[in-house]
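Protein sequence lines correspond, in order, to chains R and S. Residue numbering for the first sequence follows our numbering, beginning at 161 and increasing consecutively. Residue numbering for the second sequence follows our numbering, beginning at 161 and increasing consecutively. Note that the Cβ used here is the ideal one computed from N, Cα and C, for glycine as well. No experiment lies behind these values; they were computed from the predicted model shown. Comments concern the structure below.
Protein chains: 2
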Amino acid sequence: MLDKLGLIHPILQAPMAGVSTPQLAAAVSNAGGLGAIGIGASDLAGARRMIAETKQATDRPFNVNVFTHASPTPDPEGERAWLSAMRPLFAEFGAEPPAELRVIYQSFNDNPALLALLIEMRPAVVSFHFGLPGADAIAALQDAGITLLATATNLDETRRIKAAGIDGIVAQGIEAGGHRGLFDDTQTDPQLGTFALTRLLVARAGLPVIAAGGIMDGAGIAAALDLGAVAAQLGTAFIDCPETSAEPAHRQALRSAAGHHTCLTSVISGRPARALANRFTQATGRGFAGQPPAYPIAYDAGKALHAAAKARGETGFGAYWAGQGAPLARSLPAADLVAVLAQELRAAKA
Amino acid sequence: MLDKLGLIHPILQAPMAGVSTPQLAAAVSNAGGLGAIGIGASDLAGARRMIAETKQATDRPFNVNVFTHASPTPDPEGERAWLSAMRPLFAEFGAEPPAELRVIYQSFNDNPALLALLIEMRPAVVSFHFGLPGADAIAALQDAGITLLATATNLDETRRIKAAGIDGIVAQGIEAGGHRGLFDDTQTDPQLGTFALTRLLVARAGLPVIAAGGIMDGAGIAAALDLGAVAAQLGTAFIDCPETSAEPAHRQALRSAAGHHTCLTSVISGRPARALANRFTQATGRGFAGQPPAYPIAYDAGKALHAAAKARGETGFGAYWAGQGAPLARSLPAADLVAVLAQELRAAKA
């Protein structure tokens, strides 16, 4: 699969919607890895622009990631209760919670225009997070010559990915930053670590496995390959590259002690995701309890709270995603980082 | 450190009190790994017998593991509430909960006779779980020529291990079966995966690191070495060896779908531990809520419930510890398993 894509290094940059940029993806791809952009939170025009900019900056393959979650059922009463619980936090920054919450972006599965855009623009790779699209979409993308990847967090999801004819699996261990790729977040999550998950999927999946979660350097990539993965996907390792759109406070938190205290929380977006510990992740139990609205409805409230707090100089409510490897993150231009990773990998293999 | 011990393979068998036996430890040590017995749940006579039997069966080094938890403060009211919540479960098997709960075993830290026994019998290695003993005990054991290991689950614990002059660290990732080695289980546990934890401790610990959690085969051992560990510790991989004292139902559960659904629970013993999902681990939320008594007081109730259920043919309340690698466990004599692991490790390195 990597040969087909012409990758020089077995290194994928995680899509990280909101943090990755066309510049980051192109730099990684030009350096011989597989760069990626995440368009799950973009509108159609934004998605088109990001793909076009990436294409302009690299002739090499890159990955476009979309969100394939089940669209949420609005629950006005639950949403009002949530906003009401958040009111004291907004008040702390002289703000009001929004009057109501919106579905801030569509699932790829309900967005035929986005499917048409991908078929028109034909990135080398498209990857799915939070589940799978329908069989027709998969067939249409593959007919357009696009290699397809999907995230799995356990063997059951892997079996569904295999049955759908997807080309490769991103095995997302519990260490990984950002959103868990769970197909169904109402099911109990066995929270498999990268080590156990990668080895299990390599043994049982019958598809190429890309290991993800807690991999920060060439030694980690070598370990992933030893476990039988064809490549490693790194996200947190790239957050502090100058090419990302990570907020300064996100970068600062990444370099701080918070990196030793990431946690999984559904409070920010409505789905479990790993973030650097901050006031937001610690807010439950401070009169801010209950069940957040479904993803991405809760995220509308989370983003509004962050905006209100930030306007008053408080960055403790940012969605500052990061994996458990955060303390080992480096601040390097993406091309340099890929070169260092490749050199470390060679050293680990020797 | 491994050279000093004369190990042939970078393989430690996890101590697994209640599952490991002198026969298992001796078989692993004779095969060139480091076998281990866990005496944390044994009385003094039992500990002496286990060490003597192991010594009789092998001339090679082995590891004796002790529990170094903070001794619990009895809380008669909380314990009564817990027993009362458990009453319906006991009733299901025609039994009564015990009238009161005992501290079923002492911490090594409050047991000078056990320290004296170790100094008298001088196993090559002694390892600590749940924290560290006092400086005097550490000095006395080292003066007796014993190599010391301690479990760490995060960098803070690692710093304390290093400061105490311990010889090596067992980096216990979240994948690992059995009890989390947390020094203080009232603190928030960042639940670091084996991949992230091993790499972090190798980078920052300044001591030899032994990776543990989710490692099931030679490929996994190779990956651990790539991450910079000097060796790997495997527990779940050894549970189904004929030399262990694992109950038949434990072995059966290990081979079942339950292996895909391990979970961390404090319900069984009072401290978080990873077990194969069964009726006990799922009991919370079935009218069996609240805070279990402190470790090991809760374990007295847990063992009584298992005994009552088992007497009526229900094995769903056993403390069937296992790690997330459970689906990859094999059923082989320990010497054969070590030989297979070593052969797989050679193949992975080649």
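In the three-state DSSP reduction, F227 (chain S) falls in the strand class (E or B).
Rounded to whole angstroms, A406 (chain R) and S189 (chain R) show a C-alpha spacing of 19 Å. Under DSSP, the beta-bridge partners assigned to H289 (chain S) are S:F227. The secondary-structure analysis by DSSP pairs G478 (chain S) with nothing; it has no beta-bridge partner. Residue pairing by DSSP places V369 (chain R) opposite R:I329 in a beta bridge. Separation of L309 (chain R) and G294 (chain S) (C-alpha to C-alpha, rounded to the nearest whole angstrom) is 52 Å. Distances from the CA of I197 (chain R) to each of R:A205, R:T181 and R:A212 were compared; the closest alpha carbon is that of R:T181. Against chain R, the beta carbon of A363 (chain S) has neighbours under 7 Å at L488, listed in chain order. R364 (chain S): member of the alpha helix (DSSP H) spanning T354 to R364, first to last residue.
Here Q484 (chain R) has E335, G374 and T422 as same chain residues with Cβ atoms under 6 Å from its own Cβ, once five neighbours each way along the sequence are excluded. Look at H289 (chain S): its C-beta is not under 8 Å from any C-beta on chain R.
Counting only the Cα atoms, F253 (chain S) lies some 31 Å from E403 (chain S). With fewer than 16 other CB atoms across the displayed protein chains lying within 10 angstroms of its CB, Q347 (chain S) is exposed. Residue-level contact check: E239 (chain R) does not touch chain S, since none of the beta carbons of chain S fall below 8 Å from its beta carbon.
Apart from sequence neighbours up to five positions away, the residues of its chain that approach T228 (chain R) with a beta-carbon distance below 7 Å are S267, F268, N269, F288, H289, F290, G291, L292 and P293, ordered along the chain.
Straight-line spacing of the CA atoms in L194 (chain R) and L492 (chain R) works out to 17 Å. Distances from the alpha-carbon of L501 (chain R) to those of R:M161, R:D377 and R:L394 put R:D377 closest. Inter-segment contact for the stretch 388-396 of chain R and the stretch 163-171 of chain R is present: three or more beta-carbon pairs are separated by less than 8 Å. Proximity of chain R to G333 (chain S) at the Cβ level (cut-off 8 Å) is accounted for by G353 and F355, in chain order. Of the other Cβ atoms in all chains shown, fewer than 16 fall within 10 Å of the Cβ of Q216 (chain R); this residue is therefore exposed. Excluding its 5 nearest sequence neighbours in each direction, M210 (chain R) has C-beta neighbours in its own chain below 7 Å: P182, I197, I199 and S202, listed in chain order.
In the three-state DSSP reduction, A251 (chain S) falls in the helix class (H, G or I). The C-beta separation of A382 (chain S) from L505 (chain S) comes to about 6 Å, placing the pair in contact by the 8 Å criterion. In the pairwise beta carbon analysis, the stretch 321-333 of chain S is classified as touching the stretch 297-312 of chain S: at least three pairs are separated by under 8 Å. Excluding the 5 residues flanking it on each side, G338 (chain S) has same chain C-beta neighbours closer than 6 Å at A433 and W481, in chain order.
Taking a Cβ-Cβ cut-off of 7 Å, the neighbours of D386 (chain S) in chain R comprise A379, A382, A383, D386 and A508, given in sequence order. Short of 8 Å from the beta carbon of R282 (chain R), and not among the five residues preceding or following it, lie these beta carbons of its own chain, in chain order: A304, G305 and I306.
One Cα belongs to G178 (chain S), the other to T396 (chain S), and the distance between them is close to 13 Å.
DSSP, read as helix, strand or coil, puts L394 (chain R) in strand. The residue among R:Y459, R:G473 and R:F398 with its C-alpha nearest the C-alpha of A495 (chain R) is R:F398.
Closest by C-alpha distance to M176 (chain S), out of S:A418, S:T354, S:G341 and S:K322, is S:G341. In its chain, beyond the 5 residues on either side, L360, L361, R364 and A365 have a beta carbon closer than 8 Å to the beta carbon of L315 (chain R). Against P350 (chain R), the close residues of chain S are H420, H421, T422, C423 and Q484, in the order they occur along the chain (beta-carbon pairs closer than 8 Å). Across the stretch 305-323 of chain S, CB contacts with chain R closer than 9 Å involve N314, L315 and D316, in sequence order along the chain. When the beta-carbon positions are compared, G333 (chain R) and T311 (chain R) stay at least 8 Å from each other. Distance between P236 (chain R) and A251 (chain R), taken at the CA atoms: about 22 Å.
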